[in-house]
Amino acid sequence: MNRYVIQDIIGVGGMGSVYLARDQHFPNVVKLVAVKEMINHAPDPLVRKTIVQNFEREANILATLNHSSIPRIYDYFSASNRSYLTIEFINGKDLEAIINETPGFLTEQRVLVWAIELCDVLNYLHNHKPDPIIFRDMKPSNVMVNLQDHIVLVDFGIAKRFLVGQKGTMIGTEGYSPPEQYRGEAGPLADIYALGATLHHTLTRRDPRLEPPFSFGERPLRKINPSVSAELEAVINTALQYNPEDRFQSAESMKDALAAAGRKTGVLNRVGATTASIKSESTIKPLWAFQSEDEIRGAPLYHGGSVFIGSYDHNLYSINAADGTLRWKFATDGGIVTRPAIYEDNIFIGSEDKLLQVGGARTGKIAWTYYTEGCVRSSPRIAEGHVFFGSDDNHIHAVNLLSGRAVWKFETAAPVRSTPFVTQDMVYAGCENGDFYCIDFRGELKWHYKAKMAVTSSPTVMDGVVYFSSLDGTLYALDARAGWVIWRFRMGKGSISSPCAMNGLIYVGSADGNIYAIDVHTSKETWRYKTDHQVGSSPVIYKDALYCGSADGNLYSLEQQTGRLRWKFATKGPITGSPLVNDDIVYTGSIDHFLYALLA
Amino acid sequence: MKKNIFGFLRGKKTKPLPVVNNGINTVPLKEGQADAPLANVQHLEPQQFIYGCGQSVGKQREHNEDSIFALSIATGGETSNSPIGLFVVADGMGGHQYGEVASATAARTLAGYLLKHFHPYLVDPSTSMDESIQDLMRSAINDAQRAVTQAAPGSGTTLTAAFILGQQVTIGHVGDSRAYAIHPYGGGEPLTRDHSLVKRLEELGQISSEEAAIHPQRNVLYRAIGQGEQLEPDVFTARFPQAGYLLLCSDGLWSVVSDINLFQLVTSAPDLQGACHSLLAAANEAGGPDNISAIVVKLTA
């Protein structure tokens, strides 16, 4: 009992303390040992005795181990309700302390060396005869790095014997343990998972105990620490597979994989691997392309086998949807940037000549005209026997379809360029100074919200919530009936792209170049896709794909759920208008004067 | 539209009923029976939230460490009249210090924060709100976290709150108390996701829901108020179940009464107080191993 003189306390654990002591059996030499104290909390004397017996049995096994990464066990003894283990004192720091004390990321080289040493010691333990020893507690705080920068495993979980089962709700999970450990089925492959988790924490500085359990997939290594090589990331991901069969089946094979990765990463400059291969642009050919005499800025409309599109050359074109041949064209006196609307074979189009004109869809002959006092840059919306649209004359116009007369004109604070959305006897529209209006069918204001900058894009309403984007860079979700803000989503830059909602996700583009997919309920970003220039076009959903154009000239087709690129088609100018999909064909206009038809 | 469907069910001779051979004998609905579920629905202006709430200490605990809060505000008149509701359930951790202090502090602080910041809008509906509803909920939860850490350090509590404006229910949630949407005909689903270890295992397909129900570590949470530095609550908005109910409860209820029974007890009760009665009784009958709390909310038509 008097053999060890305590000099210092090295650490404190849940079970007791760890002391630095001097072994007096060696009086001529200063022999330092670590003495780990474990306090036996079991109330029942029989349980207490069993715990001590188990502890001593395990200490015996550990005393037989001989490996440079395992501290020597010198002695053990028990007195009253405490047990003690005398172990080799390791001078160094544990990995958790090193991570916390190092300001940036640790180098891949150093971590790789440690990883290989850890595989080596795990291999030794797993091959122990007669029974393999599962470490079961691999984590950064149990990995010491000695003064020679070599790994030593400490805390063989022997103290876990002293944890009496706790009742009731507990907080906190271990973070490094694999799922099967909670089924009580931990084998050698559990150590491999835990090693992967330890390496993940070391390389990302993100402690898995502070994150939801088994969520490593949500924190890809290279996304957090881009300096990690793809090879090393692949090895760690294999170790972190939830199903044991999918991991390395032995510490040895993981060590081999690490060594192989190390050989490859001897190269200094690694060029980032490209993402999944995409079809090169040359394989996407349009079905047809129709050329107008100026920019096509607006969106097309499909009806009865024809595609209708306006161009900045003042014309409204009716084009045969099948082969792209011209059916008729109608000249207005101003550039057209709006999308036409259709009602009972009549086509409605607004133009910068300040008019809304209505003509026969088949013939292009004018039926009637409606005058406003400003350029019409808002696309008309037809509902309930009326056509609603905005004008640069600072009004939202509601025109009766039969009479061609305005039923009401709602005065706004600034030009209205967004297309009104009509639902449940309410009309929603934004205007250029940021004001957003909800107006009833009589033309009375129900509520009004002010965004910080222009609302040029068109709103959409789904499930009682109205969504719209603003040049202030925000996507808003407001209660459609009362106008309170349910959530806001901030994008990098302003947006003139009209959001499109489908299946619990809302899609919108931004001048920051991204197309975003946002969860409608949680307002969290599900994915984003980066294009090479501003996205002013509005996304469109068809089947399980999303279509959107960008100012970089491309029309993108992405997977709706994941945002992965399906294909992209390059035009020769920016795309500002929204695409249209009908019958598996997608139509898009471009500033390069063309209207294209492509296979969806 | 409605009339046609019910006329069809009453066996009008216009169309023959389809023949289904699955061994189940059915009987056509009697006159008026098809209308029965909607018969109780009386149109009342203005719309309002009605609720019942109940608590029981259960059969195996001495103290109640659950806390609840319920508030319904109805406004009528010519101006905009959306009903407002605020319902909170918090379950303090047993085994940690001051479970009941933690849950009470969390529930009251959150409710107080929400009401304080929403108050100007109540007084004058034309006031514009700076924060979005979801951001308001997040701030309220953070305030509750701060208050619990101060009032009962080392303790923990779950927190599930529903702030309802009109038809939109915004839920802030941490832990394993639950919010359910219950439909008028007896179906339903949980709206929240338990922040428990076993739920994660279940989501990964590592264990089944039956195994999760009896798992020795089913009480282990990875997220709770009062614990951890960075709190990430779940905040989301969903529509109030059409003609249905919202149920908020602690695990003392859902862990011993199956979901199907919960829905059935709520939809078959004569009124909301009766529903709470049945829920508490069912949990106690199943052994009552934990404190039980329930709030049932309905939106009048």
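Protein sequence lines, in the order shown, are assigned to chains A and B. First residue of the first sequence? That's 897 in the numbering used here, and the numbers climb one at a time after it. First residue of the second sequence? That's 1063 in the numbering used here, and the numbers climb one at a time after it. Think of the CB as a built atom: it goes at the ideal place given N, C-alpha and C, for glycine as much as any other residue.
Give the secondary structure of residue i by DSSP, where H, G and I count as helix, E and B as strand, and everything else as coil.
i       : result
H1378/B : Lying outside 1063 to 1363, the shown extent of chain B, residue 1378/B is not represented and no answer is given.
L1297/A : coil
Y1020/A : helix
A975/A  : strand
A1206/B : helix
I1132/A : helix
K945/A  : helix
K1360/B : strand
T1211/B : helix
A1132/B : strand
I1047/A : strand
Y1078/A : helix
I1174/A : Note that I1174/A scores a pLDDT of 42, beneath 50, so its modelled location is shaky and nothing firm can be said.
G1168/A : A caution first: G1168/A carries a pLDDT of 29, below 50, which makes its placement in the model too unreliable to give a value.
Since residue i is in the alpha helix (DSSP H), which residue starts that stretch and which ends it?
i       : result
M1150/A : 1147-1160
W1316/B : 1313-1316
Q1326/B : 1321-1330
C1338/B : 1334-1347
D1087/A : 1084-1100
R1118/A : 1117-1120
Could you tell me the alpha carbon to alpha carbon distance between residue i and residue j, rounded to whole angstroms?
i       : j       : result
T1389/B : A1213/B : With chain B running from 1063 to 1363 in the structure shown, residue 1389/B is simply not present.
V1124/A : G1231/A : 53 angstroms
I1146/B : L1176/B : 12 angstroms
A1169/B : S1317/B : 21 angstroms
S1365/A : S1419/A : 14 angstroms
H1235/B : T1100/A : 28 angstroms
Q1279/B : S1111/A : 19 angstroms
G1314/B : A1082/A : 31 angstroms
D1331/A : P1355/A : 12 angstroms
A1493/A : M1398/A : 24 angstroms
I906/A  : G1000/A : 26 angstroms
A1152/B : R1301/B : 23 angstroms
F1490/A : W1304/A : 37 angstroms
P1116/A : N1281/B : 29 angstroms
W1423/A : T1458/A : 7 angstroms
P1182/A : P1470/A : 17 angstroms
I1135/B : G1228/B : 11 angstroms
A1237/A : A1413/A : 27 angstroms
L1133/B : G1237/B : 22 angstroms
F1325/B : C1338/B : 12 angstroms
S1176/A : Y1452/A : Confidence in S1176/A is poor, its pLDDT being 45 and thus under 50, which makes the residue's placement unreliable; the coordinate value appears in the next sentence. If I take the Cα positions, the gap works out to 13 angstroms.
L1367/A : M1387/A : 10 angstroms
Could you tell me which of the options sits nearest to residue i, measuring between CA atoms?
i       : options                            : result
L1454/A : D1087/A, T1427/A, N1478/A          : T1427/A
E1328/A : A1294/A, T1319/A, D1288/A          : D1288/A
S976/A  : A959/A, R944/A, E954/A             : R944/A
W1463/A : I986/A, Y1363/A, A1441/A, G1220/A  : A1441/A
V1297/B : A1136/B, M1191/B, Q1117/B, I1195/B : I1195/B
R1032/A : L1099/A, A1011/A, A1093/A          : A1093/A
L961/A  : P923/A, N996/A, D1027/A, K932/A    : D1027/A
I1226/B : S1165/B, L1198/B, E1107/B, G1314/B : L1198/B
V1272/A : R1258/A, I1245/A, E1114/A          : I1245/A
F1317/A : E1269/A, A1376/A, E1340/A, L1298/A : A1376/A
F1385/A : M1398/A, S1406/A, N1399/A, G1379/A : S1406/A
E1269/A : Y1213/A, P1311/A, L981/A           : P1311/A
V1362/A : H1344/A, R978/A, L958/A            : H1344/A
R1143/A : P1084/A, G1201/A, D1016/A, L1043/A : P1084/A
A1090/A : P1074/A, D1103/A, R1102/A          : P1074/A
G1154/B : T1329/B, I1287/B, E1291/B          : I1287/B
At least one CB of chain D closer than 9 angstroms to the CB of residue i: is that the case?
i       : result
V1297/B : Absence of chain D from the displayed structure is noted, the protein chains being A and B.
Check for me: the beta strand (DSSP E) holding residue i runs from which residue to which?
i       : result
G1476/A : Looking at the sequence provided, one finds Leu at residue 1476/A rather than Gly. Run containing L1476/A: 1476-1478, per the beta strand (DSSP E) assignment.
N1410/A : 1410-1415
I905/A  : 900-908
inquiry  = Just to confirm the assignment: which complete beta strand (DSSP E) runs, minimum length 3, are found wholly within the stretch 1327-1403 of chain A?
reply    = Taking only runs of at least 3 residues, the beta strand (DSSP E) segments lying wholly in the stretch 1327-1403 of chain A are 1331-1336, 1341-1346, 1356-1358, 1361-1365, 1370-1375, 1381-1386, 1396-1398.
ask   = Can you list, in chain order, the stretches of the alpha helix (DSSP H) that have 4 or more residues and sit fully within the stretch 1142-1197 of chain B?
value = Segments of the alpha helix (DSSP H) lying fully in the stretch 1142-1197 of chain B: 1161-1185.
ask   = Quick one: complete alpha helix (DSSP H) runs, 4+ long, within the stretch 1249-1288 of chain B?
value = Segments of the alpha helix (DSSP H) lying fully in the stretch 1249-1288 of chain B: 1259-1265, 1271-1276.
task = Pick out the complete beta strand (DSSP E) segments inside the stretch 1209-1273 of chain A, 3 residues or longer, and give them in chain order.
result = DSSP runs (the beta strand (DSSP E)) wholly in the stretch 1209-1273 of chain A: 1211-1216, 1222-1227, 1237-1239, 1242-1246, 1251-1256, 1262-1267.
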